[in-house]
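*Asks:* Got a structure for you, questions after.
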Amino acid sequence: MINLKIRTEYSFRKAYGRLADIIKNTKQDSLGIADFGTWGWVKFKAECEKNNIKPIFGLEFAVVLNAEEKTKQPTNYMTMIAKNLKGIKNIYELSTYSQNFFYYEARVDYEKLLDYCDDNVILLSGDNPQVSFFKDYKNFYLEASPKSPAWLRRINDVSKKYNIPIVACSDNYYPRPEDKGVYQIVVGDRNRVSRTTIQHIATEWELKAAMPMIPDSAYKLSDELAKQIEVFDLPKATNVKYKSERSLLDICKDNAKKKNVNLDDEVYAERLDRELKLIKEKDFEDYFFVISDMVIQAKKDMLVGPARGSSAGSLVCYLLDITDVDPIKHDLMFERFIDVNRLDLPDIDIDFPDVKRESVIQKLRDTYGDDCVAHIGTVSRLKPKSALTEVSKSLKIPLWEVEDLKKSIVERSSGDARASFCIRDTFETLDIGKSMVEKYPGLRASEAIENHSRHSGKHAAGIIVLNNPVKNYCSVNKDGVAQIEKDDAERLNILKIDALGLRTLSIIEDCLQEVGKPKDFLLTIDLEDEKTFKIFNDEKFAGVFQFEGYALQSLCKQMGVHKFLDIAYITTLARPGPLHSGGTTEFIKRRTGEEEITHLHPTTKKWTEDSYGVIIFQEQVMQIARNVGKLSWEDTSSLRKAMSKSLGEEFFNRYWELFKEGAQDQGIEEKEAKNIWEHMCTFGSWAFNKSHAVSYAMISYWCGYLKAHHPKEFAVACLRNAKDDEQIIKLLRELVIEGFEYTPFDKDKSQLTWSVQDGKIVG
12 MINLKIRTEY SFRKAYGRLA DIIKNTKQDS LGIADFGTWG WVKFKAECEK NNIKPIFGLE
72 FAVVLNAEEK TKQPTNYMTM IAKNLKGIKN IYELSTYSQN FFYYEARVDY EKLLDYCDDN
132 VILLSGDNPQ VSFFKDYKNF YLEASPKSPA WLRRINDVSK KYNIPIVACS DNYYPRPEDK
192 GVYQIVVGDR NRVSRTTIQH IATEWELKAA MPMIPDSAYK LSDELAKQIE VFDLPKATNV
252 KYKSERSLLD ICKDNAKKKN VNLDDEVYAE RLDRELKLIK EKDFEDYFFV ISDMVIQAKK
312 DMLVGPARGS SAGSLVCYLL DITDVDPIKH DLMFERFIDV NRLDLPDIDI DFPDVKRESV
372 IQKLRDTYGD DCVAHIGTVS RLKPKSALTE VSKSLKIPLW EVEDLKKSIV ERSSGDARAS
432 FCIRDTFETL DIGKSMVEKY PGLRASEAIE NHSRHSGKHA AGIIVLNNPV KNYCSVNKDG
492 VAQIEKDDAE RLNILKIDAL GLRTLSIIED CLQEVGKPKD FLLTIDLEDE KTFKIFNDEK
552 FAGVFQFEGY ALQSLCKQMG VHKFLDIAYI TTLARPGPLH SGGTTEFIKR RTGEEEITHL
612 HPTTKKWTED SYGVIIFQEQ VMQIARNVGK LSWEDTSSLR KAMSKSLGEE FFNRYWELFK
672 EGAQDQGIEE KEAKNIWEHM CTFGSWAFNK SHAVSYAMIS YWCGYLKAHH PKEFAVACLR
732 NAKDDEQIIK LLRELVIEGF EYTPFDKDKS QLTWSVQDGK IVG
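Taken in order, the sequence shown gives residues 12 to 774; the numbers are from our numbering.
Here's what the structure looks like:
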């Protein structure tokens, strides 16, 4: 018997069971899932392929008599299964439609459901067969699952009366019998289903024992239906097409003149040629047109961030006005952005003023169509501390008793082989873990729910843009959120844009308006302004982007700011990785002359000279891996991805042998190569992206510049954009310490918000 409909962790707060574990333990050649949404479909397909299992895609619908009527109605949970690609489209469309009638859950009525019933889908009856609606639909089957004897007798009667076939199905809420307790914790008291019959994924003999009145043909029918279902790939998007009469090269040449970039310079010419060739080779041109158009349109109405992430390493992005950071001037690496092995579209992340971000998204909708643009969805998972909290609440263990245990949990980077076993390792290796699990054995349940899905949400920044409606590739909820995660969207070739809202840009824009400067004024200022550096060195950090936290302030006091790049260094060195690995301490000692500047090896000096011989940027690791260890670009790219995801030393060591061989070919002894490698794995494994560091350092510098040259106007802009009263009070205290005076209220001068009146700050 083939299980045609299995609930997994993607039936949020309704079922328990990790998708990968369910598939791994499947002992049949076909398997169907039917969750409340299409969230796990891309991962389900990938896992099935790994395990040589034929995937069957289904979705469970909450069906009522009148979905438009927002009242509590008898609900029948029916399952629609796709027989082919057209069936997938039916399910996506109906699921998207059902989101418009949300009453505690997405739902649809019987008549609308019938509109999507054709030769491309199979329909299972659910608990309450509404035969009057579906008796003439040939792909309608009565679903027999072990709910109650009375219900099964009714199924038999209906089958005989209307000559509708019965198909045997599991009606699971967790995978194995022993998972019942964990299931109850995951879904909570309100959502748990309690019955005396089978609730796990049942085998054929278990179902026959539980449903003796159901004929054998019901079990054979599940196999027959599985055979009717085609093997197919999920629909994949084509690249978004952009109509442009000019080529990327033409636009880059025109903008180079405006930006005073000399393309006759050999360095710039070679870089532009290399980038454009790779972009054309990978068919990414339309993507760059789309992003450039979006940013240029936005710049007409608002201040856009100079850059974010690795896109600052692209000269093409700079010349297309996507970024405002010259990668040649700041020695940024294009291969951190796009490499020769990359098949998926590169990430171009962009910051907009937080109060204007939605208008950018609306412009995308206006350009490409409402139904072709959506927010990316997210799946929240139970982290170790959350898992312990859930279980301790269920067992009624006082929370104060588990606080010390939560603080002691073993921590691992996301790419570690045991990243999902932090709680288990805490119980087995730490004294506090051993004693707590001895006192409360039930805490072991937290091992089973660590990293299990919890609920869905909306990505903070991710937007997807398509030529066709989003519902062709996944279902979309009523808030315009696609039921697909970022990585899954990339697998379907869906164009993703990270459009982030940054409050600091709203502050800077506000300040520029106050002093009568245009939005692009800050692109013309000197980046080596002594008056601006004095703001940092005098510790006037109030309102300065990134420098309002203790870590950056402390580092700034220790090393000072004497050039623009120092700001990028400080923001990089203040991250937990460099702080904990010792890289920060070593850098500062060398910077301040307390320790002699040394290099790992003469061959690495070229890449670490600016940072006093210390590896602090990902790009430095990439250059050393490529030029010293002679790793291929493919392996170098894998290392880069490992750094981005903080995969740690375990992942890095996979490439040690390759690095050693490449170094030895250049006459570097194994001992010396090992020393270089170990520094790459300690400092390098936590290294930061230099392109991002420089981009965000520029925003910090802008704040410092405005504070140095227009102090009162900058202070007022900060106060106007403070997110709450507590932040206003904090800002005022810092401003007073820095020598500013303010009047909370003046009956003659006060305006609707903070302002500068006669040279004074007025509330």
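The C-beta atom is built at its ideal place from N, Cα and C for all residues, glycine as well. Since we're looking at a predicted model, the values are computed, not measured.
With respect to the alpha helix (DSSP H) encompassing Phe575, which residues constitute its N-terminal and C-terminal limits?
*Replies:* Run containing Phe575: 575-584, per the alpha helix (DSSP H) assignment.
*Asks:* Could you tell me the alpha carbon to alpha carbon distance between Ile359 and Trp618, rounded to whole angstroms?
*Replies:* Those two C-alpha atoms are separated by around 25 Å.
*Asks:* Tell me where the alpha helix (DSSP H) around Gly444 begins and ends.
*Replies:* Run containing Gly444: 442-450, per the alpha helix (DSSP H) assignment.
*Asks:* How many whole angstroms separate the CB atoms of Val421 and Asp442, which I take to be in contact at a CB cut-off of 8 Å?
*Replies:* That pair is no contact at about 13 Å.
*Asks:* Please classify Pro66: does DSSP put it in a helix, a strand, or coil?
*Replies:* Reduced to three states, the DSSP call for Pro66 is strand.
*Asks:* So, under 8 Å CB-CB, Met633 and Met344 are touching, yes? Tell me the CB distance rounded to an integer number of Å.
*Replies:* About 7 Å; that satisfies the 8 Å criterion.
*Asks:* If you reduce the DSSP assignment to three classes, tell me which class Glu71 lands in.
*Replies:* Looking at Glu71 - three-state DSSP - the assignment turns out to be strand.
*Asks:* Apart from the five residues just before and just after Asp382, which ones in its own chain have a Cβ nearer than 6 Å to its Cβ?
*Replies:* Pro480.
*Asks:* What is the residue span of the beta strand (DSSP E) that Ile519 lies within?
*Replies:* Where Ile519 is concerned, there is no enclosing beta strand (DSSP E), although the alpha helix (DSSP H) it sits in stretches over 514-526.
*Asks:* Which residues does DSSP pair with Gly316 in a beta bridge?
*Replies:* The partner list for Gly316 (beta bridge, DSSP) is empty, contrary to what the question assumes.
*Asks:* If you follow the beta strand (DSSP E) that Glu737 is in, where does it begin and where does it stop?
*Replies:* Taken as a continuous stretch (DSSP letters only), Glu737 belongs to no beta strand (DSSP E), being part of the alpha helix (DSSP H) at 736-748.
*Asks:* Grouping DSSP H, G and I as helix and E and B as strand, with all else coil, what is Pro347?
*Replies:* Looking at the sequence provided, one finds Arg at residue 347 rather than Pro. Helix.
*Asks:* Identify the continuous alpha helix (DSSP H) that holds Arg282 and give its terminal residues.
*Replies:* Arg282 -> alpha helix (DSSP H) spans 277-292.
*Asks:* Indicate the three-state DSSP secondary structure (helix, strand or coil) for Pro226 in the structure shown.
*Replies:* Coil.
*Asks:* Which first and last residues belong to the beta strand (DSSP E) in which His470 is found?
*Replies:* Element bounds for His470: 464-476.
*Asks:* May I have a chain-ordered list of the beta strand (DSSP E) segments no shorter than 3 residues that lie completely inside the segment 328-400?
*Replies:* If we require 3 residues or more, the beta strand (DSSP E) runs fully inside the segment 328-400 come out as 360-364, 384-392.
*Asks:* Is the segment 47-57 touching the segment 231-243, taking contact as three or more C-beta pairs under 8 Å?
*Replies:* No: fewer than three Cβ pairs fall under 8 Å.
*Asks:* Taking Met305 as part of the alpha helix (DSSP H), name the residues at either end of that continuous run.
*Replies:* Its alpha helix (DSSP H) spans residues 296-310.
*Asks:* So the beta strand (DSSP E) Asn87 belongs to, where does it begin and stop?
*Replies:* It spans 87-93 - the beta strand (DSSP E) in which Asn87 sits, taken as one unbroken run.
*Asks:* What did DSSP end up calling Phe756 once you bin it into helix, strand or coil?
*Replies:* Looking at Phe756 - three-state DSSP - the assignment turns out to be coil, as it is neither helix nor strand.
*Asks:* In this structure, what does DSSP give as the bridge partners for Glu154?
*Replies:* DSSP lists Val178 as partners of Glu154.
*Asks:* Straight-line CA distance for Ala500 to Lys507?
*Replies:* Computed Cα separation, rounded: 8 Å.
*Asks:* On the DSSP bridge assignment, give the partners of Ser766 in chain order.
*Replies:* Note: Ser766 sits in a beta bridge opposite Val773.
*Asks:* So if DSSP puts Tyr27 in a beta bridge, which residue, or which two residues, is it bridged to?
*Replies:* According to DSSP, which records beta bridges pairwise, Tyr27 is partnered with nothing at all.
*Asks:* Using only alpha-carbon positions, find the residue among Ser205, Thr90, Tyr114, Tyr121 that is nearest to Ala842.
*Replies:* This structure gives no information on residue 842, because the portion of the chain shown stretches from 12 to 774.
*Asks:* Among the residues of its own chain, which have a CB less than 7 Å from the CB of Val705, if the five just before and after it don't count?
*Replies:* Excluding residues within five positions, the ones whose Cβ falls inside 7 Å are Ala323, Val336, His341, Leu343, Ala579.
*Asks:* I'd like to know whether the C-beta atoms of Ser303 and Ser702 end up nearer to each other than 7 Å.
*Replies:* Not in contact: Ser303 and Ser702 (Cβ atoms no closer than 7 Å).
*Asks:* Can you give the Cα-Cα distance for Tyr127 and Thr19, rounded to whole angstroms?
*Replies:* Taking the straight line from one Cα to the other gives about 24 Å.
*Asks:* Could you give the distance in angstroms between the alpha-carbon of Leu30 and the alpha-carbon of Tyr666?
*Replies:* Going by the C-alpha atoms only, they are around 30 Å apart.
*Asks:* Measure the Cβ-Cβ separation of Asn548 and Val572 and say whether it is below 7 Å.
*Replies:* Contact flag set, yes.
*Asks:* I think Ile177 touches Ala221, with their Cβ atoms under 8 Å apart; what is that distance to the nearest whole Å?
*Replies:* Rounded, the Cβ-Cβ distance is 14 Å, inconsistent with contact.
*Asks:* Please work out which residues of its chain come closer than 6 Å, Cβ to Cβ, to Glu458, disregarding the five sequence neighbours upstream and downstream, and give them in chain order.
*Replies:* Contacts found: Ile434, Arg435.
*Asks:* Three-state secondary structure (DSSP) at Arg206?
*Replies:* Here Arg206 sits in coil by DSSP.
*Asks:* Use the C-beta contact count for Arg257: other C-beta atoms within 10 angstroms, 16 or more gives buried, fewer gives exposed.
*Replies:* Exposed.
*Asks:* Grouping DSSP H, G and I as helix and E and B as strand, with all else coil, what is Asp537?
*Replies:* Asp537 falls in the coil class under three-state DSSP.
*Asks:* Out of Ile102, Ala93, Ala73, point me to the one whose CA is closest to Tyr114's CA.
*Replies:* Nearest option by C-alpha distance: Ala73.
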